[in-house]
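Chains A and B, in that order, are what the protein sequence lines are. Per our numbering, the first sequence runs over residues 345 to 777. Per our numbering, the second sequence runs over residues 345 to 777. All C-beta atoms, glycine included, are put in the ideal place defined by N, C-alpha and C.
There are 2 protein chains.
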Amino acid sequence: MIDLKRVIAEYSPDIKETESVKKLSDDLINKIKEYCRLQNINAEPLLVGSSSRGTSLRGADIDIFIRFQRSYGIREMENLGLEIGHSVLRNGVEKYAEHPYVSSNEFGRKVDIVPCFIINNAKERLTAVDRTPLHSEYLKANLTMQQKDEVKLLKLFMRKQGIYGSELKTNGFSGYVTELLIVNYGSFLSAITHISTLKGQLIIGEPEATKKFVSPVIIIDPTDQQRNAGAAVSLTALSILKLSGKTFLREPSDSYFGMAPVKNPSQNVDRGTTFYIIRFRRPEIVDDIIFPQVQKMISTLTRASKEYSFNIINTEYSVDEEIQVLLELETDILPSVKLHSGPPVESDNVIPFLQKHSGNDVLRGPYVMDGRIFVELRNTMNVYDNALNKILETADLGKHINKVKQEFKIERYKGKLPDLAVSTNFLSKRNPN
Amino acid sequence: MIDLKRVIAEYSPDIKETESVKKLSDDLINKIKEYCRLQNINAEPLLVGSSSRGTSLRGADIDIFIRFQRSYGIREMENLGLEIGHSVLRNGVEKYAEHPYVSSNEFGRKVDIVPCFIINNAKERLTAVDRTPLHSEYLKANLTMQQKDEVKLLKLFMRKQGIYGSELKTNGFSGYVTELLIVNYGSFLSAITHISTLKGQLIIGEPEATKKFVSPVIIIDPTDQQRNAGAAVSLTALSILKLSGKTFLREPSDSYFGMAPVKNPSQNVDRGTTFYIIRFRRPEIVDDIIFPQVQKMISTLTRASKEYSFNIINTEYSVDEEIQVLLELETDILPSVKLHSGPPVESDNVIPFLQKHSGNDVLRGPYVMDGRIFVELRNTMNVYDNALNKILETADLGKHINKVKQEFKIERYKGKLPDLAVSTNFLSKRNPN
Chain A
345 MIDLKRVIAE
355 YSPDIKETES
365 VKKLSDDLIN
375 KIKEYCRLQN
385 INAEPLLVGS
395 SSRGTSLRGA
405 DIDIFIRFQR
415 SYGIREMENL
425 GLEIGHSVLR
435 NGVEKYAEHP
445 YVSSNEFGRK
455 VDIVPCFIIN
465 NAKERLTAVD
475 RTPLHSEYLK
485 ANLTMQQKDE
495 VKLLKLFMRK
505 QGIYGSELKT
515 NGFSGYVTEL
525 LIVNYGSFLS
535 AITHISTLKG
545 QLIIGEPEAT
555 KKFVSPVIII
565 DPTDQQRNAG
575 AAVSLTALSI
585 LKLSGKTFLR
595 EPSDSYFGMA
605 PVKNPSQNVD
615 RGTTFYIIRF
625 RRPEIVDDII
635 FPQVQKMIST
645 LTRASKEYSF
655 NIINTEYSVD
665 EEIQVLLELE
675 TDILPSVKLH
685 SGPPVESDNV
695 IPFLQKHSGN
705 DVLRGPYVMD
715 GRIFVELRNT
725 MNVYDNALNK
735 ILETADLGKH
745 INKVKQEFKI
755 ERYKGKLPDL
765 AVSTNFLSKR
775 NPN
Chain B
345 MIDLKRVIAE
355 YSPDIKETES
365 VKKLSDDLIN
375 KIKEYCRLQN
385 INAEPLLVGS
395 SSRGTSLRGA
405 DIDIFIRFQR
415 SYGIREMENL
425 GLEIGHSVLR
435 NGVEKYAEHP
445 YVSSNEFGRK
455 VDIVPCFIIN
465 NAKERLTAVD
475 RTPLHSEYLK
485 ANLTMQQKDE
495 VKLLKLFMRK
505 QGIYGSELKT
515 NGFSGYVTEL
525 LIVNYGSFLS
535 AITHISTLKG
545 QLIIGEPEAT
555 KKFVSPVIII
565 DPTDQQRNAG
575 AAVSLTALSI
585 LKLSGKTFLR
595 EPSDSYFGMA
605 PVKNPSQNVD
615 RGTTFYIIRF
625 RRPEIVDDII
635 FPQVQKMIST
645 LTRASKEYSF
655 NIINTEYSVD
665 EEIQVLLELE
675 TDILPSVKLH
685 SGPPVESDNV
695 IPFLQKHSGN
705 DVLRGPYVMD
715 GRIFVELRNT
725 MNVYDNALNK
735 ILETADLGKH
745 INKVKQEFKI
755 ERYKGKLPDL
765 AVSTNFLSKR
775 NPN
């Protein structure tokens, strides 16, 4: 029998960590209060996020919001927010979501200090983050002590399956969504039981509020009926949750819980295919920009390759200091003949077509099939190496990747994969994890 | 300038041939009359077909129909017809269309002696061939002297393009259809001009009569409003006529006329593909059965190969004493991995699927894509040689070809084609011819 209490204990912060987080956040809040008092700034710091409501796992971030009176202008609030952030985080760096904030790892864990406006309900909000303190209030009032542990279990379950986190890197379930699922279903097991037998979308909320959204997961934010808190969750993330829920319930095991997916690569065998791996230095931009850009690069290359009749059957990528993009091709050498479709025989264009294709470039034909004229021509782009170089010359791979195009290293592998991060990702693709 | 009179003269029977055909047909008709008188058979011989109405080309067949009174039973008529046929054709062999008849080449050209019933209009017909004498009557009354030459031009034009003949080997224009086109359009040039600028179907007849037919060519038989005389013409044959009409009118030349297509093969170059050629002795059956059976064999093999993921990009065949079937493949070796699609993650079948695919046969996965589970398995049928042998074991290739399956010789060519009839057909595919 699986001991869920043991799982919770293993991944929850121990007393020492809890006390240290409490001390650190109290200290930061006091410093901010003091700074505001001295500088005559009308703003109040507030601990938000999982650390503020007992749903955090070991090593969790500390999120402190500074709530400004609405009499401040937006730019003024932003500038003062940064000023305060830097005053308490000695090694803080500026980051940017909807507006800038200060972030630091100087205390052994990530600390974010984010300015926002104080509001009483979502309708009053001036920036996207103004709502966050309302989430904390709502959850403090609606999660029982026991349910805070249930939230942790659900997070650990999702983390292990690689579907935790609403960033564009993951397109999964945010911490807030996880907490709303426990508020709604009552417990981890109840949530998993419901979702694993669910057909179609996951919808939580009044029909009046949910009906205007179209996405795999629709969870109305209790603090804002106009917002779908589950908008970021992809169909694949929801499907993985359904699947792993099914297999977990069938044979429960603590191997379903963890801080991150375990990479357990399949054997690196000769698949009879050809791999192209494009390697380049990661541009210095945040995950939420580089991940979608790499994904877009892959779909652009796949589509453009298709136009040259090259069939890319699998793709993978890894993003570290180096970005590695893997393309798996059925074959990277096509026939040297290609069928070229001309106009219907009824068209006036058929004569110019025949005149154009009367030379030595025609390998066979012209001939009629059904109602149309065709010729077989020499395919000069039948080797993928050439086609890929041609594609890379002209393709738009996104603003930041375009800039490093000249540095691309292209490697070709037939047979086994090389020992690279992207190969590990490729071979580790497995659900449930 | 092209001299159409010279073309007509070149391919029309000369005086000597005309006289010899007249003498032979008169002689056969007299012999049949005599036989009927002596045997007390109530039937009348009649010369039909192109020889009877001055629309024949050099070396044309002689078709003599024996018209029986409708008081005879069908079997009786058939038996007497064969008896008469054998009595006048010493080396005659029995052939079979809708019913049996006697055919011979003993006079240096093909002579068919076909029994039928005498009818006054198509509604009275008891067999399909009863209508034929009505066609002769109609054309004798409706084709002028000059138009008989126009019919010859149109036949020669179609013969050169390989679209003359309604047999299943050609799926083209019958002699009768050619004659009806001249009756309708008045002349060869007028017919070609109309058809080459035509969009869509070729339709001749009253809307009331044509509307119930669906085929590329609808030409109501003037002797039978219920019949589409053009039913056998394929879309490809009509398209080739449109195309070659267009190019001929643009640059008229007597190279557009002849008794048969000229084979003018393209250069035999390495196309970067793989050819499989299946060779076997032709079963002793008539063209109208073996040609559709070979065509069906090719579509069966193409479809079955597709199921093993082999893409056959071109096919060709030749039928002589040996039948040769050519399949051109993009590649005959596929990846040794194949993507195997499982059920949607919502399905109860997902658990048995995961259990089934938990062993060493899985090269990668299982994993979720969108809402479905997949595994990558070893493709053990990734070499076409094996797949083709497997296909041939079980495929239904038609009654007569199935019988000689064991004698199939399968040859594989990479690079150039071998020196075979089917290779010449393959390389000669060209329209206009």
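Helix, strand or coil at B/V458 according to DSSP, with G and I counted as helix: Against the second sequence, residue 458 of chain B aligns to sequence position 114. In the three-state DSSP reduction, B/V458 falls in the strand class (E or B).
Simplified DSSP state of B/Y620, which is helix, strand or coil: Position 276 of the second sequence, counting from 1, holds the residue named residue 620 of chain B. B/Y620 falls in the strand class under three-state DSSP.
Limits of the alpha helix (DSSP H) - the one that B/S778 falls within: What the structure shows of chain B is the stretch from 345 to 777, and residue 778 of chain B is not part of that stretch, so it cannot be assessed.
Neighbour flag for B/V766 against chain A, beta carbons, 8 Å: Stepping through the second sequence from its first residue, residue 766 of chain B is reached at position 422. No, no contact with chain A.
Cβ neighbours of A/E361 in the same chain (closer than 7 Å, five flanking residues each side left out): As a position in the first sequence, residue 361 of chain A is number 17, starting the count at 1. If we look at A/E361 and ignore the five residues flanking it on each side, its Cβ neighbours are R402.
B/S597: CB within 7 Å of a non-hydrogen atom of the ligand ZN: No copy of the ligand ZN appears in this structure; indeed no ligand is present at all.
Rounded straight-line distance, which links the Cα of B/S394 to that of B/Y791: Nothing can be reported for residue 791 of chain B: it is not among the residues displayed for chain B, which extend from 345 to 777.
Contact set between B/S680 and chain A, taken where Cβ atoms lie within less than 9 Å: The residue labelled residue 680 of chain B in the question sits at position 336 within the second sequence. In chain order: V613, D614, R615, G616 and T617.
CB of B/E720 within 8 Å of CB of B/L707, strictly: On the second sequence, position 376 is the one that residue 720 of chain B refers to. On the second sequence, position 363 is the one that residue 707 of chain B refers to. Yes, Cβ-Cβ distance for B/E720 and B/L707 is below 8 Å.
Meets three-Cβ-pair contact criterion under 8 Å: the stretch 742-755 of chain B and the stretch 622-638 of chain B: A contact exists between the stretch 742-755 of chain B and the stretch 622-638 of chain B.
Contact set for A/N528: own chain, Cβ-Cβ below 6 Å, skip 5 residues either direction: Here residue 528 of chain A corresponds to residue number 184 of the first sequence, with the count starting at 1. Same-chain partners within the cutoff: I548.
Below-8 Å beta-carbon distance, A/R625 vs any chain B residue: The sequence position of residue 625 of chain A within the first sequence is 281, counting from 1. Answer no: the Cβ-Cβ gap between A/R625 and chain B never drops below 8 Å.
Run of the beta strand (DSSP E) containing B/V719, from where it starts to where it stops: For the purposes of this step, residue 719 of chain B is taken as residue 375 along the second sequence, with counting starting at 1. Per DSSP, the continuous beta strand (DSSP E) segment holding B/V719 begins and ends at R716 to R722.
Buried or exposed (CB count within 10 angstroms, at least 16 for buried), A/M421: Here residue 421 of chain A corresponds to residue number 77 of the first sequence, with the count starting at 1. By the neighbour-count rule (16 or more Cβ atoms within 10 Å), A/M421 is buried.
Meets three-Cβ-pair contact criterion under 8 Å: the stretch 754-761 of chain B and the stretch 604-623 of chain B: Contact between the stretch 754-761 of chain B and the stretch 604-623 of chain B is present, because at least three Cβ pairs lie under 8 Å.
Test item: CB-CB of B/F697 and B/P688 under 8 Å: Translated into the one-based positions of the second sequence, residue 697 of chain B becomes position 353. Translated into the one-based positions of the second sequence, residue 688 of chain B becomes position 344. B/P688 sits away from B/F697, with the two beta carbons spaced by 8 Å or more.
Cutoff 8 Å: A/R774 Cβ touching any chain B Cβ: If you number the first sequence from 1, residue 774 of chain A lands on position 430. Using a CB distance cut-off of 8 Å, A/R774 counts as an interface residue toward chain B.
Best match in B/A573, B/E552 and B/K773 for proximity to B/G509 [C-alpha to C-alpha]: As a first step, residue 509 of chain B must be located in the second sequence, where it is residue number 165. Relative to B/G509, the option among B/A573, B/E552 and B/K773 whose CA is nearest is B/A573.
B/N726 at chain A interface by Cβ criterion, 8 Å: Walking along the second sequence from the start, residue 726 of chain B turns up at place 382. By this cut-off, B/N726 is an interface position.
CB of B/E438 within 8 Å of CB of B/I621, strictly: Counting from 1 along the second sequence, the entry for residue 438 of chain B is found at position 94. Counting from 1 along the second sequence, the entry for residue 621 of chain B is found at position 277. The answer is no: Cβ separation not under 8 Å.
Option nearest B/V429 by Cα separation, candidates B/L673, B/A441, B/I408 and B/L683: Counting from 1 along the second sequence, the entry for residue 429 of chain B is found at position 85. Inspection of the sequence shows that residue 429 of chain B is occupied by Gly rather than by Val. Minimum Cα distance to B/G429 is reached at B/I408.
Under 8 Å (Cβ pairs) to chain A, residues found in the stretch 690-706 of chain B: Answer set for the stretch 690-706 of chain B: E690, V694, I695, L698 and V706.
8 Å contact criterion, which B/V712 and A/S540 should meet: CB distance rounded: Taking the second sequence and counting its residues from 1, the one referred to as residue 712 of chain B is at position 368. Taking the first sequence and counting its residues from 1, the one referred to as residue 540 of chain A is at position 196. Approximately 13 Å separates the beta-carbon atoms of B/V712 and A/S540; this is outside 8 Å, ruling out the contact.
Contact list for B/T514 against chain A, beta-carbon separation under 9 Å: As a working note, residue 514 of chain B is residue 170 in the second sequence. Close to B/T514, with beta-carbon spacing below 9 Å, lies no residue of chain A; the smallest spacing is near 14 Å.
Nearest-angstrom Cα separation, counted from B/P357 out to B/S364: Translated into the one-based positions of the second sequence, residue 364 of chain B becomes position 20. Translated into the one-based positions of the second sequence, residue 357 of chain B becomes position 13. Going from the Cα of B/S364 to the Cα of B/P357 covers about 10 Å.
Supposed contact pair A/S588 and A/N775 - C-beta distance, whole angstroms, cut 8 Å: Taking the first sequence and counting its residues from 1, the one referred to as residue 775 of chain A is at position 431. Taking the first sequence and counting its residues from 1, the one referred to as residue 588 of chain A is at position 244. Contact flag correct, Cβ pair sits at about 7 Å.
Contact with chain A by B/T591, beta-carbon distance below 8 Å: Along the second sequence, one-based indexing puts residue 591 of chain B at 247. So, interface residue.
A/R453 beta carbon less than 8 Å from that of A/I406: Position 62 of the first sequence, counting from 1, holds the residue named residue 406 of chain A. Position 109 of the first sequence, counting from 1, holds the residue named residue 453 of chain A. Pairing A/I406 with A/R453 gives a Cβ-Cβ distance under 8 Å.
Selection from A/Y445, A/D676, A/G709 and A/R397 that minimises the alpha carbon distance to A/V458: Stepping through the first sequence from its first residue, residue 458 of chain A is reached at position 114. With respect to the C-alpha of A/V458, the residue from A/Y445, A/D676, A/G709 and A/R397 having the closest C-alpha is A/Y445.
Every unbroken alpha helix (DSSP H) within the stretch 643-714 of chain A, with a cutoff of 4 residues, ordered by chain: Listed in chain order, they are 694-700.
Cβ neighbour criterion (16 or more within 10 Å) applied to A/L478: If you number the first sequence from 1, residue 478 of chain A lands on position 134. By the 10 Å Cβ count, A/L478 comes out buried.
Neighbour-count burial assignment, B/R350, 16 or more Cβ in a 10 Å radius: As a position in the second sequence, residue 350 of chain B is number 6, starting the count at 1. Counting the other CB atoms within 10 Å of its CB gives B/R350 a total below 16, which places it among the exposed residues.
Cβ neighbours of B/E442 in the same chain (closer than 7 Å, five flanking residues each side left out): One-based indexing of the second sequence puts residue 442 of chain B at position 98. Excluding sequence neighbours, B/E442 sits near T471, A472 and V473.
One or two residues paired with B/A387 in a DSSP bridge: Along the second sequence, read from residue 1 onward, the residue named residue 387 of chain B stands at position 43. Per DSSP, the beta bridge partners of B/A387 are B/F412.
Range covered by the alpha helix (DSSP H) that runs through B/V351: Reading the second sequence from its first residue, position 7 is the one you call residue 351 of chain B. Start and end: L348 to Y355.
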